[in-house]
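Peer 1: If you read the sequences in order, they're chains A and B. Per my numbering, the first sequence starts with residue 1, numbered consecutively. Per my numbering, the second sequence starts with residue 600, numbered consecutively. Backbone N, C-alpha and C fix where the C-beta goes; we use that ideal spot for every residue, glycine too.
2 protein chains.
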Amino acid sequence: MNDLLINPRDLRFQLYELLNVELLTQRERFAEHSRDTFDAALETAGQIAAEQFAPHNRKGDENEPVFRDGVAETIPETKAAWRAFAEAGFLAAHHDAEAGGMQLPTTIQQACQGHFYAANVASAAYPMLTIAAGNLLKAHGSAEQQAQWLPRLLDGRSAGTMALTEPHAGSSLGDLRTKAIPQADGSYRIVGNKIYISGGEQDITDNIVHMVIARIEGAPAGVKGISLFIVPKYRSDANGEPGEHNDVTLAGLLHKMGYRGTTSTVLSFGDNGDCHGYLVGEPNKGLTYMFHMMNEARIGVGVGAAMLAYTGYLHSLDFARQRPQGRPVTAKGSGSQVPIIQHPDVRRMLLAQKAYAEGALALCLYASTLFDDSTTAPSADDRGHAQELLDLLTPIVKSWTAEYGCKANDLAIQVLGGSGYTRDYPVEQFYRDNRLNPIHEGTNGIQALDLLGRKMAQNNGAGFKALLERVRGSIADARETDLAAPLAVDLEHALATVERTAGELMTAMGKQGPEPVLANAWVYLDLMGRFVVGWLWLRQATVAARALHHADTADAAFYRGKLQAAQYYLRWELPQIEHHSRLLTGLDDTCLAMAEDWF
Amino acid sequence: MNDLLINPRDLRFQLYELLNVELLTQRERFAEHSRDTFDAALETAGQIAAEQFAPHNRKGDENEPVFRDGVAETIPETKAAWRAFAEAGFLAAHHDAEAGGMQLPTTIQQACQGHFYAANVASAAYPMLTIAAGNLLKAHGSAEQQAQWLPRLLDGRSAGTMALTEPHAGSSLGDLRTKAIPQADGSYRIVGNKIYISGGEQDITDNIVHMVIARIEGAPAGVKGISLFIVPKYRSDANGEPGEHNDVTLAGLLHKMGYRGTTSTVLSFGDNGDCHGYLVGEPNKGLTYMFHMMNEARIGVGVGAAMLAYTGYLHSLDFARQRPQGRPVTAKGSGSQVPIIQHPDVRRMLLAQKAYAEGALALCLYASTLFDDSTTAPSADDRGHAQELLDLLTPIVKSWTAEYGCKANDLAIQVLGGSGYTRDYPVEQFYRDNRLNPIHEGTNGIQALDLLGRKMAQNNGAGFKALLERVRGSIADARETDLAAPLAVDLEHALATVERTAGELMTAMGKQGPEPVLANAWVYLDLMGRFVVGWLWLRQATVAARALHHADTADAAFYRGKLQAAQYYLRWELPQIEHHSRLLTGLDDTCLAMAEDWF
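(1) How should V71 of chain A be labelled, buried or exposed, when 16 other C-beta atoms within 10 angstroms of its C-beta is the threshold for buried?
(2) Taking three-plus beta-carbon pairs below 8 Å as touching, is the region 228-241 of chain A in contact with the region 93-104 of chain A?
(3) Give a yes or no on whether the C-beta atoms belonging to F13 of chain A and P105 of chain A are separated by under 8 Å.
(4) Taking C-beta pairs closer than 8 Å, name the residues in chain A that S771 of chain B reaches, listed in chain order.
(5) For F970 of chain B, which of B:Q709, B:H655, B:D805 has the nearest alpha-carbon?
(6) Note down, in chain order, each residue of its chain lying with its Cβ closer than 7 Å to the Cβ of N1008 of chain B, except the 5 sequence neighbours on either side.
(7) Out of B:E627, B:Q702, B:P1085, B:Q712, which has the shortest C-alpha to C-alpha gap to F652 of chain B?
(8) Between H95 of chain A and the rest of its own chain, which residues show a CB-CB distance below 8 Å, the 5 nearest in sequence each way excluded?
(9) Closest Cβ-Cβ distance between D257 of chain A and chain B: below 8 Å?
(10) Can you pull out the residues from the region 623-657 of chain B whose beta carbon lies closer than 9 Å to at least one beta carbon of chain E?
(11) Leaving aside the five residues before and after R947 of chain B along the sequence, list all residues of the same chain whose C-beta is less than 6 Å from its C-beta, in chain order.
(12) Identify which residue in B:D917, B:I647, B:E676, B:G791 has its Cα closest to the Cα of D802 of chain B.
(13) Can you say whether A184 of chain A is buried or exposed, counting buried as having 16 or more other CB atoms within 10 angstroms of its CB?
(14) Is H1178 of chain B close to chain A? Criterion is C-beta to C-beta, closer than 8 Å.
(15) I want to see whether chain B comes within less than 8 Å of L583 of chain A, judged by CB atoms only; does it?
(16) Can you pull the chain B residues whose beta carbon is under 7 Å from the beta carbon of F599 of chain A, in chain order?
(17) Tell whether a beta-carbon distance below 8 Å holds between R788 of chain B and G872 of chain B.
(18) On the criterion of 16 or more Cβ atoms from any shown chain inside 10 Å, does H1148 of chain B qualify as buried, or is it exposed?
(19) For R1138 of chain B, which residues of its own chain have a beta-carbon under 7 Å away from its beta-carbon, when the five flanking residues on both sides are left out?
(20) Residue range of the beta strand (DSSP E) that S1228 of chain B falls in?
(21) Quick check: the Cα distance between F689 of chain B and A644 of chain B, rounded to an integer number of angstroms?
(22) What does L607 of chain A pair with, by DSSP beta-bridge criteria?
(23) Tell me the DSSP bridge mates of S264 of chain A?
(24) How would you call P328 of chain A, buried or exposed, if buried means at least 16 neighbouring beta carbons within 10 angstroms?
(25) Residue ranges of each beta strand (DSSP E) run of no fewer than 3 residues wholly in the region 93-176 of chain A, ordered along the chain?
(26) Using DSSP with H/G/I as helix, E/B as strand and the rest coil, what is Y188 of chain A?
(27) Output the boundary residues of the beta strand (DSSP E) element that contains G335 of chain A.
(28) With 16 as the cutoff for other CB atoms within 10 Å, does D1081 of chain B come out buried or exposed?
(29) Determine, for P1037 of chain B, whether the minimum Cβ-Cβ distance to residues of chain A falls below 8 Å.
(30) In three-state DSSP terms, what is K884 of chain B?
(31) Checking contacts by CB at 8 Å: is D372 of chain A closer than that to chain B?
(32) Using 10 angstroms around the beta-carbon of D870 of chain B, count the other beta-carbons present and answer buried if the total reaches 16, otherwise exposed.
(33) Using the Cα positions of L314 of chain A and G876 of chain B, report the straight-line distance between them to the nearest angstrom.
(34) Write down every uninterrupted run of the alpha helix (DSSP H) in the region 929-978 of chain B whose length is 4 residues or greater and which is fully enclosed by it, in chain order.
(35) Tell me where the beta strand (DSSP E) around K1161 of chain B begins and ends.
(36) With 8 Å set as the bound, which would you pick, yes or no: does the beta-carbon of W537 of chain A sit closer than that to a beta-carbon of chain B?
Written as structure tokens, this is what we have:
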């Protein structure tokens, strides 16, 4: 086991003490499960991550896939890791038992995945994308399509990709140009170019199933004319047995700052006019399907960002405990050097990392429970509320973890000092790998517009109301404890600020239109991120405060750490939303009014 | 010319409108100079930077120096760049004319250097270190030592290094173990190991002059027993002609996140007991000499961090003007895609970069004028005041530029999105290169202790008082203009906060001792950094407000940009010191109280 991937005590705390995930086993879908089966899955994940993923993390970084004769060659360890992942059943972890899946809750599945991200995010990206493609097929593909493509995605003979971005349009998906030309047999011919397609080509699997968005000839312009297609690398028979090459060609590999072990590709579809695509669901609903899948994919990005932060934190903690350097200020230069963890500024950097990493994981796992609730909660009402809150939180899960995950990794480098800046230690790679997360799956700027421009008002603000209600409940709960009660005051203050800010912005949106309000959407996103994570820290503090009363020595230290990290977050990070609120409610136009030629 | 290194209009503004550097020509030392000679030097620097440094910036990153048979091999372009730099006289830019120097003010010299950092910081590191070694020799070496070593450091036949750090001690210089054993001939034999020595070995110059700190046998322990030595790679005759190898061996090269074109070395001194060292100045005063030179070196780090931020800003600005993607929120999805600079969130990221980059450059150039004043101001009083203020500002110059320089580069990556994450664009390299700056030449944590633990109280707080006085003057000045007057209110508010915070901390330091105060030194460093940069932005806004009244169209846009960036900084970044102040004056002990076993 690699004890620098995640703190298993914390994972148990989050799953079983904070989120009570064990209760999920009372639901029919998870009735065959128990805490033991959850733990077994988590342990297997940890073991495979440590043995098959972590050891080649640096090698993969230093040996990017090579473009040779139209093929992308990866290192052998990536293939071995893929096989181990698939053979342990993780590609099908949350799928039905009858389809060969483990039928695990998404919360447990994401926690399992987390180990792989911490160990080697680049090698873990291939399965992550394959799982996403499988989910899309499972949700929207026809029975025939599922029979043809899904079994191989679930057992690892095929991999999947998400092919959205085009060179000229980037995030602006409505501007895509890839064409789908209807054929007499009901299939389509696909013609176009895609860029930044992770895993778009590799030598790991027998086939690759691209989930491609394209515009059917004659369809409306913009986002309303986007359809979703299955476009395999090799066409196949009804059982998915790969046959003829499908005219999908690798135009080039992109060379990235990090995530280097994952191929990032430029793909050409139909250079020879012979690229077959198969429509998923109805025409022109492709983006709706994609967005449906996005909730899950964005939680996945969050988990990746959180776990890179987490492993960086553990690595820097380990270093700080072992590295003697300098003396306390009170020692006035005499005596032996002390481990740097004794320096308060090093503790600040470790505590901030702990607050970010464990806070990010809590946020992702909480969002995962909402996902599970939205699909398996007993009452329709509960499922609906969970969905509403999940919709609201999704942009926060994706962006806050990415933003503060990178900050955590930055602090890990700083704790290691000169060592952290060398490639002999892994922390600089964690930063480089994590730096993708604020960009892909919708940049953080796009998440901000999604939150303030769409999710806040969605369904009459139901998600936001649900959030405030739960926050109030947590504050009341914290007040009943000795040690979390003081922190509840901080969150209550923030709650008032958030409520007032949101109210004023919604009013302003009505009166002055979206432009002056949305111009500062990023500030609002950060305000909400700090608030939600502050809430989850108060909840952790509350659980810790109660548990402390009957904890043994080791557990007591763990719970004290939770309380102190909560205090750090609520006292050091949360109050900055007051400043955010002033900028927002004043409709500060500094950025909006900056003319192009003034730069 | 490469117009993405620096905005020449801004450089003119900073030097001649903001800092009135032309007035320096009234001083005897610079009497031969004029604005024309300054501009000629700057233009030459810009040209050589563009032609000899920028073109191999990426190649140097991708082709790290190789350790082969005890030698570090660099790419040929690095050698050519070195020669061009030396032949243009920049190694001796601020040295006496009679020694072959240009006798330029440090302010102009640093502005010249800035071009090279922006173009290729890794290749520029060799001359930077050589200049620093030369300064040390010039200030503290004997006449014979200067005659022997200096001419070759000034004309580029030799390079210099600063050899401080040892593997077991890192920043804790007092713990160094390198020994100096006195010899009958007055020289010493040096025995020890150094790590992270930039430029410690290379194949660029005929000889390398290491400035090494070591402890003479029998000297006191700790920082009071440190002496400074000249330790050449090759011993030489009285004219510096290199002869015998001096038993300094390359034990290995370190592989870094960025700055890859600069060798980072592990050096062994005296493996065979035959490494000759020559004492500089008096025994046991080595660290004093080093710190004397540090002011200049830390300004150099600041300029490097500022210029990497600056070129990253210009690259992302250029990209944002050219890249069409998406539409304004008011367009509701119709019409053509617009350049991304039209999106308010992109403008925010550009404006923040502008505020950081131009603010950082202003800070460094201002500190450089203080350096020039401390050495050449007509009255002893003025020289003294300048030195006091410079001492106070030095940790801020070094750390604020590094911290926010990296943030600027991070934003540049974000503006470019997926492109920024690839190595086809240079912004990710700027980040990786810049990430060294918060670490070397004293980590930011060490700068924080220097500021709050030493500089604030130094000479009865003279530096701090001088700062507040100058800030008050700038506020009064801004109040006399139409457009900067509103911003003066923001700075005045911050001034009150800073004064009160500092007062309370000094009182607490007396009452409760240094520990609870210094525990949050980093927060104080950030508070002071924001305040000082806010002040320099108000000064820029004041100059711009006045100049706007008689500006042509292009100049008017430039001045408007200055005013808007000042507004951004004073409204968005400066007010966060209120939160800092609360943590500080409350002696918040969250980090200090975090026990080791709670992590």
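Peer 2: In terms of the structure at hand:
(1) In the first sequence, residue 71 of chain A corresponds to position 71, counting from 1. Exposed, because fewer than 16 other Cβ atoms sit within 10 Å of the Cβ of V71 of chain A.
(2) In short, these stretches do not touch, since the Cβ pair count stays below three.
(3) On the first sequence, position 13 is the one that residue 13 of chain A refers to. On the first sequence, position 105 is the one that residue 105 of chain A refers to. The answer is no: Cβ separation not under 8 Å.
(4) If you number the second sequence from 1, residue 771 of chain B lands on position 172. Within chain A, the residues near S771 of chain B are Q325, G326, R327, Q337.
(5) For the purposes of this step, residue 970 of chain B is identified with residue 371 of the second sequence, where counting begins at 1. Proximity to F970 of chain B across B:Q709, B:H655, B:D805 peaks at B:Q709, based on C-alpha coordinates.
(6) Mapped onto the second sequence, residue 1008 of chain B falls at position 409. Excluding residues up to 5 positions away in sequence, L907, A908, G911, V1026, F1029, Y1030, N1033 lie with their Cβ nearer than 7 Å to the Cβ of N1008 of chain B in the same chain.
(7) Here residue 652 of chain B corresponds to residue number 53 of the second sequence, with the count starting at 1. Considering only alpha carbons, the answer is B:Q712.
(8) Counting from one through the first sequence, the residue named residue 95 of chain A turns up at place 95. Taking C-beta separations shorter than 8 Å and ignoring five residues to either side along the sequence, the partners of H95 of chain A in its chain run G101, M102, Q103, G134, K138, L154, following chain order.
(9) Position 257 of the first sequence holds residue 257 of chain A. Note on residue identity: the sequence assigns Met, not Asp, to residue 257 of chain A. M257 of chain A counts as touching chain B.
(10) Protein chains A and B are contained in the structure displayed, whereas chain E is not.
(11) Taking the first residue of the second sequence as position 1, residue 947 of chain B is located at position 348. Excluding sequence neighbours, R947 of chain B sits near nothing in its chain.
(12) Locating residue 802 of chain B in the second sequence gives position 203, counting from the first residue. It is B:E676.
(13) Within the first sequence, numbered from 1, the residue matching residue 184 of chain A stands at position 184. In summary, A184 of chain A is exposed, with fewer than 16 beta-carbon neighbours lying within 10 Å of its beta-carbon over all protein chains present.
(14) By 1-based counting over the second sequence, the position of residue 1178 of chain B is 579. When Cβ-Cβ separations below 8 Å define contact, H1178 of chain B makes contact with chain A.
(15) Sequence index remark: in the first sequence, residue 583 of chain A carries index 583 (1-based). Interface residue, yes.
(16) Taking the first residue of the first sequence as position 1, residue 599 of chain A is located at position 599. Ordered by position in chain B, the residues that pass the 7 Å Cβ test against F599 of chain A are L916, L949, K953, G1160.
(17) Within the second sequence, the letter at position 189 stands for residue 788 of chain B. Within the second sequence, the letter at position 273 stands for residue 872 of chain B. Taking C-beta atoms as the reference points, R788 of chain B and G872 of chain B count as a pair closer than 8 Å.
(18) The residue given as residue 1148 of chain B occupies position 549 in the second sequence. It is exposed - the Cβ of H1148 of chain B has fewer than 16 other Cβ atoms within 10 Å.
(19) For this step, residue 1138 of chain B is matched to residue 539 along the second sequence. Cβ neighbours of R1138 of chain B beyond the five flanking positions: L617, S1073.
(20) Limits of chain B in this structure are 600 at one end and 1198 at the other, which puts residue 1228 of chain B out of reach.
(21) Indexing the second sequence from 1 puts residue 689 of chain B at position 90. Indexing the second sequence from 1 puts residue 644 of chain B at position 45. Roughly 8 Å between the two C-alpha positions.
(22) Since the first and last residues shown for chain A are 1 and 599, residue 607 of chain A lies out of range.
(23) Locating residue 264 of chain A in the first sequence gives position 264, where the first residue counts as 1. DSSP, once it has assigned bridges, lists A:S198 as partnering S264 of chain A.
(24) Numbered from its first residue, the first sequence carries residue 328 of chain A at position 328. Counting Cβ neighbours within 10 Å, P328 of chain A comes out exposed, since fewer than 16 surround it.
(25) Complete beta strand (DSSP E) runs here, min 3: 158-163.
(26) If you number the first sequence from 1, residue 188 of chain A lands on position 188. Three-state DSSP puts Y188 of chain A in a strand.
(27) Here residue 335 of chain A refers to the residue found at position 335 when the first sequence is read from its first residue. That residue, G335 of chain A, is in no beta strand (DSSP E); it is neither H nor E in DSSP.
(28) Here residue 1081 of chain B refers to the residue found at position 482 of the second sequence. Classification for D1081 of chain B: exposed.
(29) Taking the first residue of the second sequence as position 1, residue 1037 of chain B is located at position 438. Using a Cβ-Cβ cut-off of 8 Å, P1037 of chain B counts as an interface residue toward chain A, since at least one Cβ of chain A sits closer than that to its own.
(30) On the second sequence, position 285 is the one that residue 884 of chain B refers to. If DSSP states are grouped into helix, strand and coil, K884 of chain B belongs with coil.
(31) Translated into the one-based positions of the first sequence, residue 372 of chain A becomes position 372. No - not a single Cβ of chain B is within 8 Å of the one on D372 of chain A.
(32) Reading the second sequence from its first residue, position 271 is the one you call residue 870 of chain B. A residue is called buried when at least 16 other Cβ atoms come within 10 angstroms of its Cβ; D870 of chain B does not meet this threshold and is exposed.
(33) Numbered from 1 along the first sequence, position 314 holds the residue referred to as residue 314 of chain A. Numbered from 1 along the second sequence, position 277 holds the residue referred to as residue 876 of chain B. The alpha-carbon separation between L314 of chain A and G876 of chain B amounts to approximately 43 Å.
(34) With a minimum length of 4 residues, the continuous alpha helix (DSSP H) runs that stay inside the region 929-978 of chain B are 943-975.
(35) Position 562 of the second sequence holds residue 1161 of chain B. Judged by DSSP secondary structure, K1161 of chain B falls outside any beta strand (DSSP E) and instead within the alpha helix (DSSP H) spanning 1152-1167.
(36) What you label residue 537 of chain A is simply residue 537 of the first sequence in a count that begins at 1. No, W537 of chain A does not count as interfacial toward chain B.
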